[in-house]
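Here the working numbering is used: the first residue of the sequence shown is 12, the next is one more, and so on. Using N, Cα and C, we set each Cβ at its ideal position, and we do this for glycine too. A short worksheet on the structure shown next.
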Amino acid sequence: MDSQLYGRPPCRRCLLEEIDRDGAYRTVVEYIASLDKSVRTDEAEYRRRLAVCRSCEHLNEGICAACGCFAEVRAAKRAQTCPDVPSRW
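This is the structure:
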């Protein structure tokens with residue numbers, strides 16, 4: 012979906028929580044909340060990972076262009092790593 016339809020340019024280096032297009036962020040938040048605590052990244056590490064994603068050139072409207080994932084979802088899973096080479100987290 013073209014961000015120009017929303018009267019603004021595409022948001023590079025934004026996370027879904029900063030865009031919330033058509034409720035996608037709500038769906039992602041609900042999914043993350045449904046993850047078992049043994050699978051989830053602790054809150055401090057999650058926030059650190061998202062800070063790294065925000066500064067990455069691969070982040071485009073909440074999607075990691077290096078792998079196609081929702082950045083918030085990948086960051087929320089303890090066993091996941093950044094797909095960039097070398098990994099940023």
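- Distance check between residue 96 and each of 37, 69, 25, 48 places 69 closest, using alpha-carbon atoms only.
- Considering only 41, 86, 40, the residue with the shortest C-alpha distance to residue 65 is 86.
- Straight-line spacing of the CA atoms in residue 36 and residue 82 works out to 11 Å.
- In summary, residue 39 is buried, with 16 or more beta-carbon neighbours lying within 10 Å of its beta-carbon over all protein chains present.
- The C-beta distance from residue 99 to residue 50 rounds to 21 Å, too long to fall under 8 Å, and the pair is not in contact.
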